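Q: For what it's worth, the working numbering labels the leading residue of the sequence shown as 943, then goes sequentially.
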Amino acid sequence: MMTNSDDRQASRDKERTSAPSVYQKKLVLQAASRSDPSMFPVDVNKFLKIAVILTGHGMHRFLGQDIPCKSGDIYIIPPNTQNDFFCIEKSEPLTVRYLLFNVGDWFDGDVAVLGAPHYCYGVFHDNAAIAYAMLNAETLLQVTDLLDSIAWEIDNCRVEWQDAVRAYLTLLLITVGRYVSNTIQNIPKLHAKEWRTVMSALHTVNDHFFDSELTLRSVADALYISESHLSRLVKRLTGKSFSEYLKGLRLHHACKLLQESALTVEEIVRQCGLRDLPSFYAGFHAHTGMTPSQFRASHTKKQNECHPKGERIMIILSEISENLQKGKSKLVKEMVQQALDEGSNPEQILNEGLLAGMSIIGEKFKNNEVYVPEVLVAARAMNMGVQVLKPHLMAQGVKATGKVCIGTVQGDLHDIGKNLVKMMMEGKGLEVIDLGTDVPAETFVQTAIEQSCRVICCSALLTTTMGVMGDVVKAAEAAGIRDKVKIMVGGAPVTDEYCKKIGADCYTVDAASAADAAVELCR
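1) Excluding the 5 residues preceding and the 5 following I1391 in the sequence, name in chain order all residues of the same chain whose CB lies nearer than 8 Å to its CB.
2) The beta strand (DSSP E) with C1029 in it runs from where to where?
3) Starting from Q966, follow its DSSP beta bridges and name the residues at the other end.
4) Quick check: the Cα distance between F982 and D1376, rounded to an integer number of angstroms?
5) Are the CB atoms of I1262 and G1327 nearer to each other than 8 Å?
6) When you compare only the Cα positions, how much space is there between I1258 and F1028?
7) So is P1288 buried or exposed if we call it buried at 16+ other beta carbons inside 10 Å?
8) Is the distance from the Cβ of V1363 to the Cβ of A1457 below 8 Å?
9) Below 8 Å, can you find three or more Cβ-Cβ pairs linking the region 1152-1163 to the region 1205-1225?
10) Within its chain, find whatever has a CB closer than 6 Å to the CB of F1307; leave out the 5 residues flanking it on each side and keep chain order.
11) First and last residue of the alpha helix (DSSP H) that includes Y1223?
12) Looking at K1428 and V1397, is the spacing between their C-beta atoms short of 8 Å?
13) Once DSSP output is grouped into helix, strand and coil, what is the label at E1373?
14) Hey, L1158 and F1184: beta-carbon distance below 8 Å or not?
15) From the DSSP output, in three-state form, read off V1312 for me.
16) Around the C-beta of H1171, are 16 or more other C-beta atoms found within 10 angstroms, so that it is buried, or is it exposed?
17) Would you please state the rounded distance, in angstroms, between the beta carbons of T1350 and D1380? I believe it to be under 8 Å.
18) Whole angstroms is fine: what's the gap from L1056's alpha carbon to R1138's?
19) Could you spell out where the beta strand (DSSP E) holding A1000 opens and where it closes?
20) What residue range is occupied by the uninterrupted alpha helix (DSSP H) comprising I1291?
21) Using 8 Å as the threshold, is the C-beta distance between L1296 and L1266 below it?
22) Restricting to runs no shorter than 4 residues, where is the alpha helix (DSSP H) found entirely within the region 1076-1161?
23) Do you know how far the Cα of L1114 is from the Cα of A1320?
24) Just mark H1002 as buried or exposed, buried being the case when its beta carbon has 16 or more other beta carbons within 10 Å.
25) Helix, strand or coil for P1021? Go by DSSP, reduced to three states.
26) Starting from V1410, trace the alpha helix (DSSP H) both ways and give me its first and last residue.
27) For E1384 versus A1417, is the C-beta spacing smaller than 8 Å?
28) Skipping 5 residues on each side, what residues in its chain have a beta carbon closer than 7 Å to that of V1415?
29) Mapping DSSP to helix, strand and coil, what is C1464?
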């Protein structure tokens, strides 16, 4: 039974997930380490980023330009703008606190219009491409207090908390704006129209760099401007030509794939929109000073040195779960194999990687945080991982949680709901025998006998066919297995009252609940 505090927590969680997005993160960067956009649960290209240097000193790479940074520095970086932080060798760790939010979610009018004079309360002086301020200890404490207040409001969701967050964001931008300086040399400045044009161009490039047909001409045509004008704007803002910017972005992504995936170099070349291997090898060596294989080996060695074997396995299992929830089938398959190569137990990979991720998806589906398409792609990713694990699980004699047969009853050809329930059940570790659609009552019972199923699941979408569910119960009684098998029913016209009327054992309102109930019935 839920208590009042449980109800309040559920209400806060629901309000938080439906609210405009705002995220905070604190990173401690050691020597040779760097910040990584993938640390955020959002597409950082769409969000304004505020970065506060709390301790240490290092380098801030902004649009290809390296800017020294130290404790007390604060940067406000507009959307669609590449940037990164690095710690300097043999120096104390660089601690960076981030705040990310979509300006249009929290503000209206010119304050929310990129390129407008009053954008973000005018913090970008003279349309500079970045806002920078050096804060004294007192002002730095004031800024961190505002960040703490925002975090507290988000965590607690008190009455009118969104208004409070909006007020703190306003105060934060105005406070920083008073200290913004022009001491960073060579920071580009553009007119409002030029700003919007070049930001749209960079957004297009960041979203479509993997398309080998992406060129200066195609982007210029999409924006209805000349190639020469766009080329000048990109050069002015980034310090690079369009082709250099695009090439750098593709090589950066290639480095990331070499670090995080088992893709071949040929596959990486295709995924990054590059045209041929020889030019990729030449460009990659010029960019990193290493060949792709040397770069990958170097990264693997560093990872092995930084993390003991057990910790590496836990990191991989966590990544399997996260990527499964995002529906990244190929990456899940590669990471399952990587976990096996590290010596992880197949059953541990199944339970703590694949099933853990699917369980989270199931809970989110129950709470209307994700919908059928997200569940389907997550289930597909799980199945890809299971295919890699299956021979290893069989060799170890690992058995499923239980065995279930499922089908849509005779006369009914609808299968979307049935398929969703099947995927959710498999995500709970059950072995599911899918009988398809238009299944006679006798087939349900015969399958349960032959396959030693603990549960029979009947689905129906039509009131004219749901009567077959009662026939399944009678057929199980006639076959003498009614005391050995549980019968579940579900579908749009079915109710708990109808379930009890026909003598079935269980009715659930959705696929996730059906999977949970099936696990309980198999125990």
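C-beta: ideal position from N, C-alpha, C; glycine also. The structure displayed is predicted, hence computed values, not measured ones.
A: Straight from the coordinates:
1) Working through the sequence shown from its first residue, we reach residue 1391 at position 449. Result list for I1391: A1421, I1423, in chain order.
2) In the sequence shown, counting from the first residue as 1, residue 1029 sits at position 87. Its beta strand (DSSP E) spans residues 1025-1029.
3) Within the sequence shown, numbered from 1, the residue matching residue 966 stands at position 24. L1041, per the DSSP bridge assignment.
4) For this step, residue 982 is matched to residue 40 along the sequence shown. For this step, residue 1376 is matched to residue 434 along the sequence shown. The predicted position of F982 is uncertain, since its pLDDT is 44 and thus under 50; a value taken from the coordinates is nonetheless stated next. Spanning the two alpha carbons is a distance of roughly 39 Å.
5) Position 320 of the sequence shown, counted from the start, is the residue given in the question as residue 1262. Position 385 of the sequence shown, counted from the start, is the residue given in the question as residue 1327. Their beta carbons are under 8 Å apart, which means I1262 touches G1327 by this criterion.
6) On the sequence shown, position 316 is the one that residue 1258 refers to. On the sequence shown, position 86 is the one that residue 1028 refers to. The straight-line gap from Cα to Cα measures roughly 25 Å.
7) Start at 1 with the first residue of the sequence shown, and residue 1288 comes out as number 346. By the neighbour-count rule (16 or more Cβ atoms within 10 Å), P1288 is buried.
8) Within the sequence shown, residue 1363 is the residue found at index 421, counting from 1. Within the sequence shown, residue 1457 is the residue found at index 515, counting from 1. Yes, the Cβ-Cβ distance between V1363 and A1457 is below 8 Å.
9) yes
10) Working through the sequence shown from its first residue, we reach residue 1307 at position 365. These residues qualify, in order along the chain: V1317, A1454.
11) Counted from its first residue, the sequence shown places residue 1223 at position 281. Where Y1223 is concerned, the enclosing alpha helix (DSSP H) stretches over 1219-1230.
12) As a first step, residue 1397 must be located in the sequence shown, where it is residue number 455. As a first step, residue 1428 must be located in the sequence shown, where it is residue number 486. In contact: V1397 and K1428 (Cβ atoms closer than 8 Å).
13) Counting from one through the sequence shown, the residue named residue 1373 turns up at place 431. Correct three-state label for E1373: strand.
14) The residue labelled residue 1158 in the question sits at position 216 within the sequence shown. The residue labelled residue 1184 in the question sits at position 242 within the sequence shown. Contact flag set, yes.
15) Start at 1 with the first residue of the sequence shown, and residue 1312 comes out as number 370. Three-state result, V1312: coil.
16) For the purposes of this step, residue 1171 is taken as the residue at position 229 of the sequence shown. With fewer than 16 other Cβ atoms within 10 Å, it is exposed.
17) Locating residue 1350 in the sequence shown gives position 408, where the first residue counts as 1. Locating residue 1380 in the sequence shown gives position 438, where the first residue counts as 1. Confirmed, about 7 Å.
18) If you number the sequence shown from 1, residue 1056 lands on position 114. If you number the sequence shown from 1, residue 1138 lands on position 196. Cα-Cα distance, rounded: 7 Å.
19) For the purposes of this step, residue 1000 is taken as residue 58 along the sequence shown, with counting starting at 1. In the sequence as presented, Ala is not what sits at residue 1000; that position holds Gly. Segment 999-1004, the beta strand (DSSP E) holding G1000.
20) Translated into the one-based positions of the sequence shown, residue 1291 becomes position 349. That run of the alpha helix (DSSP H) goes 1288-1291.
21) Residue 1296 sits at position 354 when you count from the first residue of the sequence shown. Residue 1266 sits at position 324 when you count from the first residue of the sequence shown. Yes, they are a contact pair.
22) 1079-1098, 1103-1119, 1134-1150
23) The sequence position of residue 1320 within the sequence shown is 378, counting from 1. The sequence position of residue 1114 within the sequence shown is 172, counting from 1. Each residue's Cα considered, the two are about 39 Å apart.
24) Sequence index remark: in the sequence shown, residue 1002 carries index 60 (1-based). With 16 or more Cβ atoms within 10 Å of its Cβ, H1002 is classed as buried.
25) The residue labelled residue 1021 in the question sits at position 79 within the sequence shown. Coil, per DSSP.
26) Position 468 of the sequence shown, counted from the first residue, corresponds to residue 1410. Taken as a continuous stretch (DSSP letters only), the alpha helix (DSSP H) holding V1410 covers 1409-1420.
27) Numbered from its first residue, the sequence shown carries residue 1384 at position 442. Numbered from its first residue, the sequence shown carries residue 1417 at position 475. Contact: yes.
28) The residue labelled residue 1415 in the question sits at position 473 within the sequence shown. I1429, I1444, G1445, A1446.
29) Here residue 1464 refers to the residue found at position 522 of the sequence shown. Note: C1464 maps to helix in three-state DSSP.
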